[in-house]
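In the working numbering, the protein residues as written are 54 to 339.
What follows is the structure in structure tokens.
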């Protein structure tokens with residue numbers, strides 16, 4: 054009895070399939086992104102090509118008194134703009150020689166895609182967290198963030214008219230340790246709206262004063278030991294912008310000279326501070 058021609062071959066059963074690597078890299082990157090998921094995204098605008106995205110900044114209106122038999126007062130604001138330059142091109146490359154691919158018992162694809170995805174995510178998150186340096190608002194918190202510090206930071210956002218929704222606090226692992234040892238924070242942590250559990254997200258610790266708290270090892274640390282300063286960030290989504298124009302993209306090709314497969318993962322993106330008053334640098338000493 055003939056079995057037809059739909060046989061499993063060395064081609065159909067190949068261990069190295071670029072599409073699978075691409076999927077794995079994207080999943081690994083998304084699993085490690087914290088800041089990128091909390092800021093305003095302009096990916097669609099970036100996808101149209103070009104090297105700069107011009108984001109208009111709309112000025113606030115003021116309410117005028119209207120009395121009987123008088124005309125309205127038109128307001129003509131001069132609008133500004135913020136430019137997001139798509140000038141960041143990061144890559145991660147590695148070459149797997151045939152002998153390694155044949156003899157390795159562990160899946161190299163699984164190991165390396167996670168590492169590549171993490172490196173891409175880390176580069177983007179570090180860039181966004183580094184925008185603390187342009188903020189004019191900061192709270193000096195001493196050795197650790199206490200409840201009064203957080204309330205001061207929230208007051209900044211409230212005074213600026215930042216929406217109550219889509220706010221976030223990004224803290225360093227050291228601050229997580231400090232806050233978990235503070236009774237006031239622990240009693241409020243891990244509680245979502247109406248007492249319900251918060252959704253599972255990368256780095257999500259809990260919620261304080263209605264603000265979701267995330268932990269990231271990429272929080273910027275400046276200075277030198279023992280006087281390091283951690284720049285934890287409290288912000289509303291409109292404070293920062295990110296545009297990913299390409300990627301994470303995976304390209305692979307066999308290199309006969311080295312008897313191995315070269316894999317390159319890259320991403321093109323840009324980022325910028327959009328609204329200064331919507332962000333606060335909560336500085337802690339460590």
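Quick reminder that beta carbons are idealized off the backbone N, C-alpha and C, glycines included.
With residue i and residue j assumed to form a contact (beta carbons below 8 Å), what rounded beta-carbon distance in angstroms separates them?
{"i": "residue 189", "j": "residue 329", "result": "6 Å"}
{"i": "residue 182", "j": "residue 286", "result": "6 Å"}
{"i": "residue 142", "j": "residue 321", "result": "5 Å"}
{"i": "residue 128", "j": "residue 216", "result": "About 22 Å; that fails the 8 Å criterion."}
{"i": "residue 78", "j": "residue 301", "result": "5 Å"}
{"i": "residue 150", "j": "residue 281", "result": "Not confirmed; about 41 Å, so no contact."}
{"i": "residue 161", "j": "residue 154", "result": "7 Å"}
Kindly identify the DSSP beta-bridge partner or partners of residue i.
{"i": "residue 222", "result": "266 and 287"}
{"i": "residue 302", "result": "319"}
{"i": "residue 314", "result": "149 and 307"}
{"i": "residue 101", "result": "DSSP lists no partner for residue 101."}
{"i": "residue 216", "result": "DSSP output for residue 216 lists no bridge partner at all."}
{"i": "residue 293", "result": "326"}
{"i": "residue 94", "result": "295"}
{"i": "residue 338", "result": "282"}
{"i": "residue 138", "result": "105"}
Hey, how far is the Cα of residue i from the Cα of residue j?
{"i": "residue 278", "j": "residue 227", "result": "15 Å"}
{"i": "residue 163", "j": "residue 294", "result": "31 Å"}
{"i": "residue 331", "j": "residue 76", "result": "35 Å"}
{"i": "residue 305", "j": "residue 108", "result": "36 Å"}
{"i": "residue 89", "j": "residue 124", "result": "47 Å"}
{"i": "residue 213", "j": "residue 191", "result": "14 Å"}
{"i": "residue 323", "j": "residue 225", "result": "24 Å"}
{"i": "residue 83", "j": "residue 259", "result": "20 Å"}
{"i": "residue 271", "j": "residue 313", "result": "33 Å"}
{"i": "residue 239", "j": "residue 262", "result": "12 Å"}
{"i": "residue 172", "j": "residue 273", "result": "16 Å"}
{"i": "residue 275", "j": "residue 307", "result": "42 Å"}
{"i": "residue 185", "j": "residue 178", "result": "12 Å"}
{"i": "residue 74", "j": "residue 98", "result": "26 Å"}
{"i": "residue 237", "j": "residue 218", "result": "23 Å"}
{"i": "residue 166", "j": "residue 303", "result": "10 Å"}
{"i": "residue 140", "j": "residue 333", "result": "26 Å"}
{"i": "residue 30", "j": "residue 130", "result": "In the structure as shown, the chain begins at 54 and stops at 339. Residue 30 is therefore absent and cannot be evaluated."}
{"i": "residue 114", "j": "residue 134", "result": "17 Å"}
{"i": "residue 199", "j": "residue 229", "result": "12 Å"}
{"i": "residue 180", "j": "residue 211", "result": "26 Å"}
{"i": "residue 232", "j": "residue 266", "result": "11 Å"}
{"i": "residue 156", "j": "residue 100", "result": "41 Å"}
{"i": "residue 299", "j": "residue 126", "result": "46 Å"}
Can residue i and residue j be called in contact, C-beta distance under 7 Å?
{"i": "residue 95", "j": "residue 105", "result": "no"}
{"i": "residue 187", "j": "residue 80", "result": "no"}
{"i": "residue 194", "j": "residue 335", "result": "yes"}
{"i": "residue 222", "j": "residue 264", "result": "yes"}
{"i": "residue 197", "j": "residue 110", "result": "no"}
{"i": "residue 283", "j": "residue 201", "result": "no"}
{"i": "residue 234", "j": "residue 93", "result": "no"}
{"i": "residue 176", "j": "residue 85", "result": "no"}
Taking three-plus beta-carbon pairs below 8 Å as touching, is the region 146 to 154 in contact with the region 299 to 317? yes
Do the region 191 to 208 and the region 112 to 129 touch if we need at least three Cβ pairs shorter than 8 Å? no
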